Each structure stands twice: as structure tokens, then as C-alpha cells.
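Report on one structure; see the data block that follows.
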Amino acid sequence: MHPVRKQRLYLVLFIALFSSIAIGLVVYALRGNINLFYPPADVAAGLAPVGQPIRVGGMVLENSIDRAEDSLAIRFKLTDYEANVEVVYVGILPDLFAEGQGAVASGVLNEDGVLEATEILAKHDENYMPPEVTHALESSGYDEKGNAK
Amino acid sequence: MIPEFGHFALILALCLALILATVPAWGAWRGNSVAMSLAPSLAVGILVFVGISFGCLAAAFLQDDFSVQLVASHSNTLLPPIYKFSAVWGNHEGSLVLWALILAFWTAAVALFSSQLPLLVLSRVLSVMGAISVGFLSFSLITSNPFARLLPGAPADGADLNPLLQDPGLIIHPPLLYMGYVGFSVAFAFAIAALLGGRLDASWARWSRPWTNTAWAFLTLGIMLGSWWAYYELGWGGWWFWDPVENASFMPWLAGTALVHSLAATEKRGLFKSWTVLLAIFAFSLSLLGTFLVRSGVLTSVHAFAVDPERGMFILVFLALVVGGSLTLYALRAPAVSSRVSFAWVSRESLLLCNNVVFLVAALTVLFGTMFPLIVDALGMGKVSVGPPYFNAVFVPLMALLVPVMGLGPVSRWKRDSLSRWRGELIIPTVVAVLCGITLPALHAPYNIWVALAVLLSSWLVLGLVKDFWERLRSASTTAGGLRRLTPGYCGMVIAHLGFAACVIGIVATSQYSVEHDLKMDPGDTREMAGYNFRFIEVAEVSGPNFVAQEARFEVTEDGVPVASMNPQKRRYLASGSVMTEAAIDAGLFRDLYVAMGEPVGDNGAWAMRLHYKPMVRWMWLGAILMAIGAFTAAADKRYRRQRKALPTADEAVLHGA
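The listed protein sequences correspond, in order, to chains S and B.
Just so we're aligned: 38 in the numbering used here is position 38 of the first sequence, and the numbers increase by one with no gaps anywhere.
Offset between the second sequence (1-based) and the numbering used here: plus 149.
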């Protein structure tokens with residue numbers, strides 16, 4: 001074989017080998033690390049898997065926030081006005097987390113249908129709504145204030 | 150009237166850009182030198198008019214002209230003047246004007262500092278950049294006019310700038326990042342010009358290199374500032390989230406890093422020519438993709454402004470035109486420019502090839518992780534998110550593969566090297582690196598295997614550089630003479646690689662050794678963390694120019710010796726009523742202490758507090774600064790600006806060193 005061709009062949013083989021290692025890594029990493037989004041209605045209907053990382057988003061239900069007196073534990077409900085999902089979380093909440101505002105919680109659903117959240121995301125400015133929450137409200141057919149559309 | 154002047158100037162700039170995109174390109178095609186020589190003055194003209202437009206917009210912000218819709222919704226009379234100015238780009242419309250301004254700046258810079266370029270090449274390069282200007286200026290004018298008025302019904306006061314953006318870091322982060330993003334358009338324009346001309350030689354690479362290095366340096370600084378800002382401003386002590394928008398800036402950086410290195414091989418040895426061109430296209434396309442991701446509102450992110458499908462569509466079409474057009478041109482012309490040079494496997498060329506493969510694969514895996522949720526959503530298979538564990542699992546092994554090659558790079562020779570020489574050169578660095586890897590992490594109990602690995606790899610990298618540096622000095626008759634013989638290009642490489650080593654150490658040490666506690670604390674409480682005692686004294690009311698805040702007073706001691714008094718704040722901004730956390734940080738070269746306030750707990754004055762101990766977190770940013778300094782140094786190399794009578798042979802070029 002012509003030396004330049006031969007070199008090109010090795011080059012292609014090397015790149016192919018390296019890319020397959022990379023693809024292997026990608027597939028391996030993706031398996032455990034993607035989490036699906038569920039609107040509260042789907043969680044209430046039992047469509048969300050128990051014991052797997054998922055995300056749930058909706059509006060924080062008015063008068064549902066319950067803080068512990070002696071720790072950083074908090075309990076609240078996320079709603080798409082069709083169903084509610086109870087969320088427990090221990091830690092510091094984002095600044096714009098409040099009742100009647102949109103939020104996304106990621107965590108694991110336990111046997112009782114309570115989401116044990118490891119991370120809470122709220123919107124980051126007054127006029128912005130996380131796309132997931134918009135999506136959840138669209139599919140339940142209510143607006144942000146809970147009025148049927 | 151001022152906003153109307155600004156609007157008019159922007160339209161004039163678009164007209165000039167249209168002329169720049171067509172007339173010099175036509176001149177280059179027909180060989181009309183009058184048409185070609187129009188290009189530099191048109192480029193300067195665009196800069197002047199976009200500059201006027203930007204100035205008018207800034208004036209509207211500084212004068213609190215709330216009849217301009219943009220000012221009314223993003224500024225406020227109470228805002229300090231410097232934030233009124235930075236509010237210009239703290240929103241979608243204004244940031245596009247900034248983008249256009251920086252693009253005009255780069256175009257004019259190419260026009261003014263390229264006297265050694267043949268007119269034919271210069272006119273093609275400027276035409277391509279003019280075409281990009283047309284895209285962005287028309288995007289700004291058609292879909293997101295920054296000068297739209299609110300008449301009648303101008304509000305008495307504005308709605309205020311998002312408090313997160315009221316920060317010194319955010320004054321310079323976007324301009325630097327854009328300098329980097331847009332700077333890759335120069336490398337892109339040179340690549341397209343070379344494809345159009347069908348001539349790709351060492352001088353082409355020599356012209357592109359300083360521009361690419363400069364853009365890369367700015368992008369590095371921009372990303373570093375973004376990370377630093379997130380660290381102290383978001384109030385949870387994270388410095389990299391693999392947020393889609395961070396990825397959007399990181400992907401061009403990865404592709405740009407590959408480009409910087411493959412340009413070296415193309416210039417010195419005439420290798421990888423068509424590959425380099427492809428990388429230049431790829432780097433700029435990723436910059437555009439980043440813009441699309443950030444500006445179209447398809448992502449949940451701090452950077453997403455109001456969602457508007459029309460805008461997303463515009464950028465998507467523009468992206469398709471640029472990527473599709475340039476790839477088609479590449480497919481047609483690449484066979485004509487590809488290199489016919491062979492190289493030995495044991496040589497610097499093959500090490501640079503490794504660099505390219507690693508960085509390109511890294512860019513592609515990040516791209517995949519970022520686009521995967523969008524693809525799944527578009528296919529209607531649900532809304533998924535790909536989190537940091539994915540990126541860490543893929544990215545960290547790739548970088549670990551890279552560093553051994555990086556250590557070899559400086560010691561290796563172009564064209565043909567030998568394994569036995571490598572062995573001879575590297576036996577001492579290897580032994581010392583292994584010793585460092587074993588001993589240094591033992592300073593911090595408990596012994597951490599990941600830190601040991603990071604120390605091993607980065608000391609291997611550093612020692613390879615030191616060894617090479619020493620050899621160069623030793624081969625000269627005097628030390629001063631040896632130092633003089635070092636080219637800026639070589640020094641830049643050394644500085645940037647040292648920066649990378651510092652970055653690796655910083656990232657691994659801070660990820661492995663950090664201690665983070667979320668606690669409930671009553672006034673008077675003391676908590677111990679990593680040897681430091683944090684005493685929470687009280688909460689006081691303070692007020693700033695446009696906010697009121699509750700400020701916690703902390704006293705930190707180590708073995709009874711006062712270390713710092715820290716005052717984190719919880720601010721309420723008056724105009725918008727939004728609440729924001731301002732963390733207190735005691736910075737040090739070897740450790741940061743970080744305190745942020747959560748929310749009040751219970752009724753007797755207790756607060757949720759976030760206490761962090763972050764070892765060596767500064768090394769990461771210092772490393773990034775070193776990388777940028779290195780790239781600037783390399784770009785300043787005189788030989789890029791020297792006019793060459795005859796092209797050097799490959800062997801001559803090799804003598805100039807890295």
C-alpha cells in the first residue's frame with residue numbers, strides 16, 4: 001500500500017476506535033443520568049416510576065408550605081390544578097421560591113407518592129416561567145392562577 | 150430623537166454590510182481591484198454606524214428614557230449608572246446590538262491590521278464577515294428592534310434590571326464572551342476565503358493563527374468570568390453546572406482549542422489542511438448554535454430571556470444557511486486544498502492529532518448531551534434532562550486521556566522523533582511526577598486517590614514543560630541569550646499549558662475536598678467546619694442604593710485566631726420587589742470560605758445558613774487567566790505580522806520552534 005494511504009488507514013482506525021470508546025462512555029453515562037419530566041397529574045395517575053430519579057414541575061399550591069421548626073426540612077405541594085404532588089426537601093430554597101409561583105423539583109418518588117426532592121429550581125426572574133411548568137399547565141388546561149382556560 | 154438616530158444608524162450599518170457582503174466578493178471574483186479595495190473602508194464604516202447605534206442605546210439607558218420600551222423594562226431611576234450602562238446588554242435586544250458591535254469591531258480590526266494580506270484574500274475575508282453582519286443586523290432590526298418606543302404611555306419609572314445581573318462580573322462577562330464567540334468568525338472568514346480561492350498554504354495558517362488565538366483567549370476569559378460570577382452570585386457555591394448555556398459557550402471553546410492546535414500543524418508542516426478548515430467552520434457554527442440555544446428560549450436557563458418563536462426561527466434559518474452553505478463549499482473545494490504531506494507516528498504531529506481527536510470528541514459529547522433533551526422533546530418522547538453526572542462521566546476520562554499527551558508535546562519534535570529519545574527526555578519527569586502524585590495529596594487527610602491522580606497528571610505536564618524550557622536555556626551559550634531566543638509563541642504555549650495544569654488541580658481538589666453544610670443557626674451559635682469556627686453574631690438591617698437587606702454578621706476563627714468577619718446579605722430590591730442572596734466569601738489562594746443566607750426558620754431569629762469550605766477553588770480561575778495570557782502572548786508573536794518575500798520551506802519553519 002502507498003505509505004500515505006496506509007497512514008490514512010491507521011488514522012481512520014485510530015479515530016474509529018477512539019470514537020467507539022467515547023460512544024461507549026456516552027451510552028453508559030446516559031443510562032443512569034437522564035431523568036424524565038412528569039406533570040403532577042401524571043404522578044397522581046401513577047404514571048411516574050417509583051424509586052427512579054424524575055422531575056416534577058408545577059405551581060406551588062397556596063397555603064401548602066410547611067416548614068419544620070428545628071431543621072431545614074420543608075414540605076409543600078406542586079399542582080397543575082388537576083392534581084397535587086407532595087414534595088419534601090431538606091435544604092435551602094432558591095430566592096424566588098414562593099407559594100403561587102412555578103417551580104421544578106427533581107428527586108425520587110417514594111412508596112407513598114411523595115417526591116423526595118434533592119434539588120428545587122424556581123424561576124430566576126419575575127417574568128420567566130420554566131418551560132416544563134408551562135407544559136404541565138398546558139396539558140392540564142389551567143392558567144397560572146388556577147383558572148380553567 | 151436619540152433613539153431614532155440610533156435606529157437609523159443601525160439601518161445604515163445594515164446597508165453598508167450588504168454592500169460589503171456583495172461588492173468586494175464580486176470584485177474578487179471578476180478581478181476588479183476597485184471593488185475589492187472598497188472592503189476596508191466599508192468595514193470601518195460599519196463599525197462607526199453600529200458604534201453610533203450602540204452609543205444612542207446606551208444614552209437612552211443612562212438618561213432614563215422610559216419611552217423606549219427596552220429601557221422601561223430593564224432599567225430604573227435608582228439603578229447605579231454603571232448598571233444602567235451594563236443593562237444595555239442585560240436583555241435580548243441590547244445584547245444583539247452588542248454582538249453586532251463586536252462583530253463590526255473584529256471586521257474593522259481585520260481591515261486595519263492586515264496590511265500584509267493580498268487584497269484578493271482581504272476582500273474575500275471581509276466580505277464573509279460582512280455577510281455575517283448582514284445576518285445579525287437584520288436579525289436585530291427585523292425581530293428584536295432595541296429602539297421600539299412606548300408612546301403614548303411611557304411609564305414614570307422602569308421595571309428594573311434583574312438583580313442577578315446587577316453585578317460587576319456581569320458588566321464584563323458578556324462583552325468578553327462575545328469577543329470570543331464572534332472572534333471565531335475571523336477564523337471562519339479566513340477558512341471560507343481560502344476555500345473560495347482554492348489556495349490553502351502556510352501563509353493562510355499564519356494569517357489565521359493570531360486571530361484565532363486572540364478570540365480563544367477572550368472566550369477563555371469570558372467563560373472563566375461566567376463561572377466565577379455563578380460562584381459568588383447565585384448563592385450556592387457552584388462554579389460549573391453543565392447548564393445548556395454554559396455548554397453553549399464551552400463547545401466553541403473546545404472546538405477552538407482543537408483549531409488552535411491544528412493550525413499549528415498546518416502552519417509548521419502544511420498538514421491537516423482541510424481538517425483545519427473544517428474545524429474553523431465547526432467552531433464558528435458552534436458559536437452560532439450557542440446563540441440559537443440561548444436566544445430562542447428553548448432552554449431553561451438563567452440566560453433565557455423572553456421566549457419568542459419568531460426569533461428562534463430566524464436564528465435557526467441563519468444557522469442552517471451558514472452551516473449548510475459553508476459545508477457545501479467545503480465539500481466542493483476541500484479536495485483541491487487537502488495536504489499531501491506524510492508524517493511519522495512518533496512525532497509532534499501525531500500528538501497534536503491526539504489533541505484534536507480528544508477535543509473534538511469532547512465537543513461532540515457535550516453537544517450530544519445538550520441537544521439530547523431537545524431531540525427527545527421534538528420527537529414527542531417526553532421531557533428529559535441530562536444532568537451533570539452524564540457530563541462528568543464522559544468529560545473527565547477524556548481530559549485524563551489528554552494530559553499524558555500534553556506532557557509529551559513540548560518535548561517532542563516535528564516530522565520524526567524516536568521513542569528512545571522520548572524515554573531519555575522523560576525518565577526524570579516521570580519519576581518526579583509519580584513522587585509528587587504519591588506525596589503531595591498526603592498533606593491533606595484523608596488521602597484522596599482522585600487528587601493523587603490529578604497531581605500526578607499535572608505534575609507530569611508541568612515537569613515536561615520545565616524540562617524542555619531548561620534544555621532550551623542550556624543549549625544557549627548564556628542564560629540571557631537563551632531567554633532572548635525564546636519566541637513569544639513558545640512562551641505563550643508554556644504559560645497556557647501551565648494554566649491548564651493549575652486548572653486541573655483546582656477543579657479536582659475543590660470537587661474532592663469541599664465541605665458543604667446547610668444548617669439552621671440561631672444568633673450566637675458557633676459551628677465548626679474543616680477546622681474553622683463560624684460564629685453567627687446577629688442579623689442587621691442595611692440598605693443600598695436600590696435595595697434593603699438583612700445582613701448576617703459572622704466571625705470566623707481558626708484555633709482561636711480571628712480569620713475573617715463575613716457579612717452575607719439577603720437583599721430585597723425596591724423596584725421589582727425581588728429577593729436575592731449575596732454570599733460572603735473570604736478568598737485565599739489555598740481555600741475559600743463561603744457563607745450564604747437561606748431563609749428565616751421559626752420565629753426566634755434563627756436562619757438557614759449555607760457554609761462552604763472550598764480548597765483551591767481559585768486555581769481553576771487563575772489557570773484560566775494563565776491560559777488566556779498564554780494565548781495573547783502567542784498572538785503577539787512578531788512573525789505573524791512580518792511581511793514575507795518568499796514562503797519558508799517546512800524545514801525552515803521547524804527551526805522557529807513551537
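Note that beta-carbon positions come from the ideal geometry of N, C-alpha and C, so glycine has one too.
The structure presented is a predicted model; accordingly, all values stated were derived computationally and were not measured.
Local conformation of residue 292 of chain B per DSSP, three classes: helix
Cutoff 8 Å: residue 759 of chain B Cβ touching any chain S Cβ: yes
Beta-carbon neighbours of residue 506 of chain B, restricted to chain S and to distances below 7 Å: 15 and 18
Buried versus exposed call for residue 194 of chain B [16 or more other C-beta atoms within 10 Å across all chains shown]: buried
Delimiting residues of the beta strand (DSSP E) encompassing residue 761 of chain B: 755-764
Cα-Cα separation, residue 620 of chain B to residue 584 of chain B: 22 Å
Whole-angstrom distance between residue 778 of chain B and residue 454 of chain B, CA atom to CA atom: Residue placement at residue 454 of chain B is poorly supported in this model, since its pLDDT is 48, which falls under 50; the coordinates still yield a value, given next. Their backbone Cα atoms lie some 32 Å apart in a straight line.
Presumed contact (8 Å Cβ cut-off) between residue 742 of chain B and residue 765 of chain B, rounded CB distance: With 8 Å as the limit, residue 742 of chain B and residue 765 of chain B do not qualify as a contact, their Cβ atoms being about 13 Å apart.
Bridge partner(s) assigned by DSSP for residue 309 of chain B: Answer is none; residue 309 of chain B lacks a bridge partner.
Bounding residues of the alpha helix (DSSP H) (the contiguous stretch that carries residue 661 of chain B): 637-662
Backbone secondary structure at residue 53 of chain S - three-state DSSP: strand
Residues, ordered as in the chain, of the region 543-573 of chain B that lie near chain S by beta-carbon distance below 8 Å: 543, 546 and 547
Same chain, Cβ closer than 6 Å to residue 236 of chain B, neighbours up to 5 away in sequence not counted: 210, 223, 224 and 310
Beta-ladder partner(s) of residue 666 of chain B, from DSSP: B/760
Listed by chain order, chain S residues near residue 667 of chain B by CB distance under 7 Å: 72, 91 and 92
Beta-carbon neighbours of residue 748 of chain B, restricted to chain S and to distances below 8 Å: 92 and 93
Bounding residues of the beta strand (DSSP E) (the contiguous stretch that carries residue 86 of chain S): 84-90
Nonlocal neighbours in the same chain, by C-beta distance under 6 Å from residue 364 of chain B, ignoring five residues either side: 329, 332 and 333
Closest residue to residue 403 of chain B among B/276, B/282 and B/504 (Cα-Cα distance): B/504
In chain order, each alpha helix (DSSP H) run of at least 4 residues that lies wholly inside the region 201-265 of chain B: 218-223, 230-235 and 241-261
Contact belief for residue 276 of chain B with residue 188 of chain B at Cβ below 8 Å, rounded distance in angstroms: 7 Å
Residue 117 of chain S beta carbon less than 8 Å from that of residue 107 of chain S: yes
Minimum Cβ-Cβ distance from residue 37 of chain S to chain B less than 8 Å: yes
Reference residue 372 of chain B; option with closest CA among B/776, B/782, B/781 and B/789: B/776
C-beta atoms of residue 90 of chain S and residue 115 of chain S nearer than 8 Å: no
Enclosing beta strand (DSSP E) for residue 630 of chain B [first to last residue]: Per DSSP, residue 630 of chain B belongs to no beta strand (DSSP E); it is in the alpha helix (DSSP H), 628-634.
Chain S contact for residue 531 of chain B (CB, 8 Å cutoff): yes
Assigned exposure category for residue 52 of chain S - 16 Cβ within 10 Å defines buried: exposed
Short-range partners of chain B found in the region 21-53 of chain S, where Cβ spacing is below 8 Å: 22, 25, 26, 28, 29, 30, 32, 33, 34, 35, 36 and 37
Same chain only: Cβ atoms within 6 Å of residue 119 of chain S, ignoring 5 sequence neighbours per side: 106
Neighbour flag for residue 703 of chain B against chain S, beta carbons, 8 Å: no
Short Cβ contact (8 Å threshold) for residue 745 of chain B with residue 767 of chain B: no
Contiguous beta strand (DSSP E) assignments of at least 3 residues, all confined to the region 525-558 of chain B: 533-535
Under 8 Å between C-beta atoms of residue 27 of chain S and residue 57 of chain S: no
Those residues which DSSP pairs with residue 298 of chain B across a bridge: B/217
Residue 315 of chain B, buried or exposed, once every other Cβ within 10 Å from all chains shown has been counted against 16: buried
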